[in-house]
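2 protein chains.
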Amino acid sequence: MSGGGLPRRPTMVDVARRAGVSVKTVSRVVNGAPNVAPDLADRVLAAVADLGFRRNGLASTLRSGQATATIGLIIEEIANPFYATIAAAVAEVAREHDTVLVMASSEEDPDREKHLLLDLCSRRVDGLLVVPAGFDHSFLRAEVQMGLPVVFLDRPAGGLLADTVLLDNRGGARAGVERLVERGHRRIAVLLDSMSVYTMRERVAGAQEACAAAGIGYDDVLIRDGVRDPQAAARTVAELLDRPDPPTALFGTNNRITVGILGELWRRGGAEELLGFDDFELSHLMPRPLTVVSYDAHAFGRSAAELLFRRITGNRSWPSTTVLPTRVIDRGVRT
Amino acid sequence: MSGGGLPRRPTMVDVARRAGVSVKTVSRVVNGAPNVAPDLADRVLAAVADLGFRRNGLASTLRSGQATATIGLIIEEIANPFYATIAAAVAEVAREHDTVLVMASSEEDPDREKHLLLDLCSRRVDGLLVVPAGFDHSFLRAEVQMGLPVVFLDRPAGGLLADTVLLDNRGGARAGVERLVERGHRRIAVLLDSMSVYTMRERVAGAQEACAAAGIGYDDVLIRDGVRDPQAAARTVAELLDRPDPPTALFGTNNRITVGILGELWRRGGAEELLGFDDFELSHLMPRPLTVVSYDAHAFGRSAAELLFRRITGNRSWPSTTVLPTRVIDRGVRT
DNA sequence: ATGAAAGCGCTAACAC
DNA sequence: GTGTTAGCGCTTTCAT
């Protein structure tokens, strides 16, 4: 081989040698510390440029014990607009604190979530923001006790007392379904991802509260669990509407499901009324009336991130739970 | 103060002392190295659990000289579905390589981009994926020469020879506008973000090629620069359509602009034909015919990330430029 | 204002 | 199998 070896990264020792100063002086110049003679500083800067020196932040952090200026964000699915909006809001707050964001998606897998969280702990992030997929987060207790701030977002933690920021899932779902009921619907189908997810349980409970209050009996057939994606939602709608006793209204309990319902209703020209949890861009241009339970997703992400940074910067008050309001945007047909 | 001091993080020395072994043995156990007597391993594990020890990955990386298992991704705007899809694809590939993703948005600000990139270099990421906002990336040359892989995505780098993955912006725009021309349109407005952005220049050039080929003269009035967001797009549409010589078709050169045009056309009930670059979910449910220049955004992100990891794992071939195809999805009215 | 030496937490290299 | 020592690149402490 003709020596394709890459040039070794220069260190402060290399820079010091080249500039004819001590490493400490290089450190001072590189970090903008005061009290360095201008001529020495110039020589150091020249050596830095010549050598292509870039300070090793890992070594710096290790020795100084400073924060890594990094926070971790674990969500379920990056491409979903709900999580993308949260990520954008968190990144915005992180930037305001000169901190970078390590982002990963758990894909609703508790094992993967645990692995990711512990990995981030090893990387000594300054704080963690988690949309939990698992049900037991006690494995984080030691880290939390040693001062690692963790904020849970959208769903509560399991087995760990920690800051939590939630949406008013139950109230929003109840208010949405009440609109359907007011317009005379008695057979309302509810399509949901999985009862193992906190938000789904809450939204279903809210829907059932509204039904119960209106004296509508519970019908097993209308509650459809396991609707994981838009395709599944479309299939479920087809199946429901082909029954002898079809629903007259449908509740999509998250944005993916609502999109799937919408597509299938459009395809078959169904006139059933639709309620969705989560608003989305252009929802007002949909080819049919669509009522949505909406909220400020950006503010949601920001609240959680701001709380995290309050902890990082020393706030030691008792763990809090914040519930953000939702509101119904009613585009249904008036009767 | 009554000693609110947090317990110090235990180190391998603490674990070793507690387990009555040497640090090296702790290191072996913690890293799953072979040749440790089971009873010693058990004692170490017990001490680890008691103390809540978590290996400091920064120190480990520093000493061993191993990779950080981190890549950086710089995009323009996290919440935009185009970038969110790319981020999801990149995260997917990163995961396949047991690597985490540091993500940041430059917000189209070259200074911020430079700052972020150099920060990531200090953090010793294993590679960089960049949707460039700036025009000069020569400040990365030293890093690249020392072996840092960098892949540019969606737009080419400035002043730096590096791997690049692009879309066929020009060909896609040309093909899209050709459809409009085929249907008899002679006055086609083009709304674009900024001519300083590479993709915009290419898309406008493609549109003009199609017009020129059809003998359509250039009309200054119809090329609208500076359309930064959906609101601006809506305003521009209103202004164009209120002119004495309004366009009969509009070309939105990115997803944000197309959304804005769509809203305004819907609001005023305009019958003008619409072409958009970038497809989006539910575009087929829009209340009017909408032709889009589409491509596989997920594959786009994956290609770039896979190329990056090929570099990280040692591929040293000449920098490549890949151009991914687009296709027109024609939902326009047949004449 | 500058430098020498020690050491952050860990692992490589070499004992034993 | 296990332990000792040195040192990754940097910053701290304390001289001068």
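Protein chains in written order, with my numbering: chain A, 1 to 335; chain B, 336 to 670.
Note that the Cβ used here is the ideal one computed from N, Cα and C, for glycine as well.
Checklist entry - Got a sec, what are the start and stop residues for the alpha helix (DSSP H) M347(B) sits in? => result In this chain, the alpha helix (DSSP H) harbouring M347(B) covers M347 to A354.
Checklist entry - Cα separation between Y418(B) and A424(B)? => result If you draw a straight line from the Cα of Y418(B) to the Cα of A424(B), it is about 10 Å long.
Checklist entry - How many Å lie between D14(A) and P149(A) at the Cα? => result Distance between the alpha carbons of D14(A) and P149(A) is about 38 Å.
Next on the checklist: Contact between the region 463–479 of chain B and the region 620–628 of chain B is defined here as three or more beta-carbon pairs at a separation below 8 Å; is this criterion met?
Outcome noted: Judged by Cβ distances under 8 Å, the region 463–479 of chain B makes no contact with the region 620–628 of chain B, as fewer than three pairs qualify.
Next on the checklist: Let me make sure I understand the geometry here. Which of S303(A), G20(A) and G184(A) has the alpha-carbon closest to that of D42(A)?
Outcome noted: Of S303(A), G20(A) and G184(A), the residue nearest in Cα terms is G20(A).
Checklist entry - Which stretch, first to last residue, makes up the beta strand (DSSP E) that contains R327(A)? => result Here the beta strand (DSSP E) through R327(A) covers R327 to I329.
Next on the checklist: Going by C-alpha to C-alpha distance, which of Y553(B), G506(B) and E641(B) sits closest to V525(B)?
Outcome noted: Closest in alpha carbon position to V525(B), among Y553(B), G506(B) and E641(B), is Y553(B).
Item to check | Cβ shell of P10(A) (< 7 Å), same chain only, five flanking positions each side left out | outcome: Within the same chain, P10(A) has close Cβ partners L51, G52 and F53.
Checklist entry - Rounded to a whole number of angstroms, what is the C-alpha to C-alpha distance between V23(A) and Y630(B)? => result Between V23(A) and Y630(B), the C-alpha separation is close to 52 Å.
Checklist entry - With a Cβ-Cβ cutoff of 8 Å, do L375(B) and T360(B) count as a contact? => result The answer is yes: Cβ separation under 8 Å.
Checklist entry - Where do the N-terminal and C-terminal ends of the beta strand (DSSP E) with L167(A) fall, by residue? => result Residues D163 to L167.
Checklist entry - Taking just the CA atoms, how far does G127(A) sit from S194(A)? => result Between S194(A) and G127(A), the C-alpha separation is close to 29 Å.
Checklist entry - Helix or strand or just coil, what does DSSP make of M535(B)? => result In this structure, M535(B) counts as helix in the three-state DSSP scheme.
Item to check | Contact list for Q566(B) against chain A, beta-carbon separation under 9 Å | outcome: Contact of Q566(B) with chain A by beta-carbon distance below 9 Å is absent, the smallest such distance being about 13 Å.
Next on the checklist: By the 9 Å beta-carbon criterion, what residues does the region 111–141 of chain A contribute toward chain B?
Outcome noted: From the region 111–141 of chain A, only R112, L116, L118, D119, L120, C121, S122, R123, R124 and R141 have a Cβ closer than 9 Å to chain B.
Next on the checklist: Assuming contact is defined by CB atoms lying nearer than 8 Å, are A173(A) and V293(A) in contact in what I supplied?
Outcome noted: Contact flag set, yes.
Checklist entry - Name the chain B residues that come within less than 7 Å of A79(A), Cβ to Cβ? => result Near A79(A) (Cβ distances below 7 Å), the residues of chain B are A419, T420 and A423.
Next on the checklist: Short of 7 Å Cβ to Cβ, which residues in the region 342–370 of chain B face chain A?
Outcome noted: So the list reads P342 and R344, given in the order they occur along the chain.
Checklist entry - Hey, which unbroken runs of the alpha helix (DSSP H) at 4 residues or more fall wholly within the region 573–626 of chain B? => result Counting only runs of at least 4 residues, the region 573–626 of chain B fully encloses the following alpha helix (DSSP H) elements, listed from N- to C-terminal order: 590–603.
Item to check | For V658(B) and A584(B), the rounded distance between their alpha carbons | outcome: Using only the alpha carbons, I get a separation of about 28 Å.
Checklist entry - Is there a Cβ from chain B that is less than 8 Å from the Cβ of W318(A)? => result No Cβ of chain B is located within less than 8 Å of the beta carbon of W318(A).
Checklist entry - Would you say F586(B) and V532(B) are within 8 Å of each other, going by their C-beta atoms? => result No, the Cβ-Cβ distance between F586(B) and V532(B) is not below 8 Å.
Item to check | A59(A): contacting residues in chain B (beta-carbon distance under 7 Å) | outcome: Contact of A59(A) with chain B by beta-carbon distance below 7 Å involves L397.
Item to check | Continuous beta strand (DSSP E) assignments of at least 3 residues falling wholly in the region 19–88 of chain A | outcome: Qualifying beta strand (DSSP E) stretches, in chain order: 70–75.
Item to check | Contacting positions in the region 477–497 of chain B - beta carbon closer than 9 Å to chain A | outcome: Flagged, chain order: A477, E478, Q480, M481 and G482.
Checklist entry - What span of residues does the beta strand (DSSP E) with G493(B) cover, start to end? => result No beta strand (DSSP E) holds G493(B); DSSP gives it neither H nor E.
Item to check | Option nearest T468(B) by Cα separation, candidates E442(B), E478(B) and D454(B) | outcome: Reading off the sequence, residue 468(B) comes out as Ala, not Thr. Of E442(B), E478(B) and D454(B), the residue nearest in Cα terms is E442(B).
Checklist entry - Touch check for the region 68–76 of chain A and the region 117–125 of chain A: three-plus C-beta pairs under 8 Å? => result Taking 8 Å as the limit for Cβ pairs, the verdict is that the region 117–125 of chain A does touch the region 68–76 of chain A.
Item to check | Beta-carbon neighbours of V594(B), restricted to chain A and to distances below 7 Å | outcome: Going along chain A in sequence order, the residues near V594(B) (Cβ under 7 Å) are E281 and L282.
Checklist entry - Can you tell which of E96(A), Q145(A), R228(A) and N56(A) has its C-alpha closest to the C-alpha of R343(B)? => result Taking each of E96(A), Q145(A), R228(A) and N56(A) in turn and checking the Cα distance to R343(B), the smallest one comes out for Q145(A).
Next on the checklist: Quick check: the Cα distance between D153(A) and L527(B), rounded to an integer number of angstroms?
Outcome noted: This sequence places Leu at residue 153(A); Asp is not what is there. When rounded, the separation of the alpha-carbon atoms in L153(A) and L527(B) is 37 Å.
Next on the checklist: Spatial neighbours of G159(A) within its chain, please: C-beta separation below 7 Å, excluding the five flanking residues on both sides.
Outcome noted: Correct list, in chain order: D136, H137 and S138.
Item to check | Alpha-carbon spacing of M535(B) relative to L610(B), whole angstroms | outcome: Taking the straight line from one Cα to the other gives about 15 Å.
Checklist entry - Quick one, are the C-beta atoms of R514(B) and D665(B) less than 8 Å apart? => result Cβ atoms of R514(B) and D665(B): closer than 8 Å.
Item to check | Residues that G462(B) bridges to, as DSSP identifies them | outcome: Per the DSSP secondary-structure output, G462(B) pairs in a beta bridge with I406(B).
Checklist entry - Using DSSP with H/G/I as helix, E/B as strand and the rest coil, what is T434(B)? => result When secondary structure is reduced to three states using DSSP, T434(B) falls in the coil class, being assigned neither helix nor strand.
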